[in-house]
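**Student:** For the sequence shown, the residue numbers in this note's numbering are 1159 to 1415.
Even glycine gets a Cβ: it sits at the ideal position worked out from N, Cα and C.
Fair warning: this is a prediction, and the values are worked out from it, not measured in the lab.
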Amino acid sequence: MTNPLAPGSLDGRVALVTGSSRGIGADTVRYLAGAGASVVVNYRSKAPRAEKVVAEIVAGGGTAIAVGADLTDVASVAAMFERAAAELGPIDILVLNASGGMESGMGDDYAMRLNRDAQVNVVEGALPHLAPGARIVFVTSHQAHFIRTTPTMPEYEPVALSKRAGEDALRSKIAELEASGFEFVVVSGDMIEGTITATLLERANPGAIEARKQDAGRLFNVAEFAAEVAAAAVEPVPADHTRYVGDTSGFVRESNA
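Listed below in structure tokens is the structure:
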């Protein structure tokens, strides 16, 4: 995988990526570490998987720690940031990658608790530990970002609605964040081949991902999309605070998003 960030460009900086023991989060944290950042690999329950990512980064000469946290639990989030700051220092880059809602047995309100409430809790928990000029990156999908104007597949709708609710809740904090000297950007991409979400959607609706691929022309893979997320952590913030990845021609934009 080709790192979109120049070697050494993040020397001396600290990055925390939620849900980074696998998939997009893991590749994002690898890119950031490859550019010199000291990184926090966050996980919910799969410690060995997170430790494997850490070991890979350390073996390559980087600095990384694995910190478990249940993002739906305020105390757990607070402990995560306290440890990260104590071991690595104030956080310069916070990537809100963790999401879900299609898992079984988590409760009917799990999507909203994770994709909206937990995102707000994480940002509020992070504020005392952010470095001056820090940037917060919220990762979402076109299907969620455009859900108010463009319907999505029924199996994904609860996740899309909850992720859009999370984005809206965070956007309402932009003025407050900017007043404190922090930056905020949304990265919105189409369905990503190889993610757990795509796998679950394909299981629930066979052929759905291939159909979306045909409509879009192509879908990004995990490494490609992670490269865009990593770039969003350092490149200038767009005027509308949104970095679009991939084709958006099939989606209807709102004037304010």
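Please state if the CB of Ala1243 and the CB of Ala1227 are separated by a distance shorter than 8 Å.
**Tutor:** Taking the sequence shown and counting its residues from 1, the one referred to as residue 1227 is at position 69. Taking the sequence shown and counting its residues from 1, the one referred to as residue 1243 is at position 85. No.
**Student:** When the Cα atoms are used, what is the spatial distance from Val1297 to Val1387?
**Tutor:** Reading the sequence shown from its first residue, position 139 is the one you call residue 1297. Reading the sequence shown from its first residue, position 229 is the one you call residue 1387. So the two alpha carbons sit approximately 7 Å from each other.
**Student:** Helix, strand or coil for Phe1239? Go by DSSP, reduced to three states.
**Tutor:** Sequence index remark: in the sequence shown, residue 1239 carries index 81 (1-based). In this structure, Phe1239 counts as helix in the three-state DSSP scheme.
**Student:** So is Gly1110 buried or exposed if we call it buried at 16+ other beta carbons inside 10 Å?
**Tutor:** With the chain covering 1159 to 1415 only, the question about residue 1110 has no answer from this structure.
**Student:** Please work out which residues of its chain come closer than 6 Å, Cβ to Cβ, to Val1172, disregarding the five sequence neighbours upstream and downstream, and give them in chain order.
**Tutor:** Working through the sequence shown from its first residue, we reach residue 1172 at position 14. A distance below 6 Å between beta-carbons, with the five flanking residues on each side excluded, links Val1172 to the following residues of its chain, in chain order: Ser1196, Leu1246, Gly1247, Ile1249, Asp1250.
**Student:** Per DSSP, Arg1401 forms a beta bridge with which residues?
**Tutor:** Locating residue 1401 in the sequence shown gives position 243, where the first residue counts as 1. In the DSSP output, where bridge partners are listed per residue, Arg1401 has Val1345.
**Student:** At what residues does the alpha helix (DSSP H) containing Pro1162 begin and finish?
**Tutor:** The residue labelled residue 1162 in the question sits at position 4 within the sequence shown. It is not in any alpha helix (DSSP H) - Pro1162 carries neither H nor E in the DSSP assignment.
**Student:** Any heavy atom of the ligand ZN within a distance shorter than 7 Å of the CB on Gly1177?
**Tutor:** Because no ligand of any kind appears in the structure shown, any question about the ligand ZN cannot be addressed here.
**Student:** Taking just the CA atoms, how far does Asp1266 sit from Pro1396?
**Tutor:** Numbered from its first residue, the sequence shown carries residue 1396 at position 238. Numbered from its first residue, the sequence shown carries residue 1266 at position 108. Near 35 Å, if we compare the C-alpha coordinates of Asp1266 and Pro1396.
**Student:** By how many angstroms is the C-alpha of Gly1219 removed from the C-alpha of Ile1305?
**Tutor:** Translated into the one-based positions of the sequence shown, residue 1305 becomes position 147. Translated into the one-based positions of the sequence shown, residue 1219 becomes position 61. Rounded to whole angstroms, Ile1305 to Gly1219 spans 42 Å at the Cα level.
**Student:** Is it the case that the Cβ atoms of Thr1310 and Ala1318 are separated by a distance below 8 Å?
**Tutor:** Your numbering for residue 1310 matches position 152 in the sequence shown. Your numbering for residue 1318 matches position 160 in the sequence shown. Yes; because the gap between Cβ atoms is below 8 Å, this pair is in contact.
**Student:** Please report how far the alpha carbon of Ala1120 lies from the alpha carbon of Glu1282, in whole angstroms.
**Tutor:** The displayed coordinates of the chain run from 1159 to 1415. Any statement about residue 1120 would go beyond what the structure contains.
**Student:** Would DSSP call Glu1393 helix, strand or coil?
**Tutor:** The residue you call residue 1393 lines up with position 235 of the sequence shown. Here Glu1393 sits in coil by DSSP.
**Student:** Could you tell me the alpha carbon to alpha carbon distance between Ser1407 and Arg1241, rounded to whole angstroms?
**Tutor:** In the sequence shown, counting from the first residue as 1, residue 1407 sits at position 249. In the sequence shown, counting from the first residue as 1, residue 1241 sits at position 83. Each residue's Cα considered, the two are about 43 Å apart.
**Student:** Measuring only the C-alpha atoms, how far is Glu1315 from Ala1384?
**Tutor:** Locating residue 1315 in the sequence shown gives position 157, where the first residue counts as 1. Locating residue 1384 in the sequence shown gives position 226, where the first residue counts as 1. Roughly 23 Å between the two C-alpha positions.
**Student:** Alpha carbon to alpha carbon, what distance is there between Leu1174 and Ala1184?
**Tutor:** One-based indexing of the sequence shown puts residue 1184 at position 26. One-based indexing of the sequence shown puts residue 1174 at position 16. So the two alpha carbons sit approximately 11 Å from each other.
**Student:** Determine the closest residue to Lys1321 out of Met1270, Met1349, Asp1348, Val1253, with distance taken between C-alpha atoms.
**Tutor:** For the purposes of this step, residue 1321 is taken as the residue at position 163 of the sequence shown. In terms of Cα proximity to Lys1321, the closest of Met1270, Met1349, Asp1348, Val1253 is Met1270.
**Student:** For Asn1379 and Glu1214, what's the separation of their Cα atoms in angstroms?
**Tutor:** Residue 1379 sits at position 221 when you count from the first residue of the sequence shown. Residue 1214 sits at position 56 when you count from the first residue of the sequence shown. C-alpha separation (whole angstroms): 21 Å.
**Student:** Less than 8 Å between the CB atoms is what I'm expecting for Ala1205 and Val1212, so what's the real figure, rounded?
**Tutor:** One-based indexing of the sequence shown puts residue 1205 at position 47. One-based indexing of the sequence shown puts residue 1212 at position 54. The Cβ separation is near 10 Å, so there is no contact.
**Student:** In the DSSP assignment, find the unbroken beta strand (DSSP E) run with Leu1254 in it and report its ends.
**Tutor:** As a first step, residue 1254 must be located in the sequence shown, where it is residue number 96. Its beta strand (DSSP E) spans residues 1249–1254.
**Student:** Considering Cα atoms alone, identify which of Val1345, Asp1326, Leu1190 is closest to Ser1178.
**Tutor:** For the purposes of this step, residue 1178 is identified with residue 20 of the sequence shown, where counting begins at 1. It is Leu1190 whose Cα lies nearest to the Cα of Ser1178.
**Student:** Give me the Cα-Cα distance between Pro1162 and Gly1194, rounded to the nearest whole angstrom.
**Tutor:** On the sequence shown, residue 1162 is found 4 positions in, with the first residue counted as 1. On the sequence shown, residue 1194 is found 36 positions in, with the first residue counted as 1. Approximately 13 Å between the Cα atoms of the pair.
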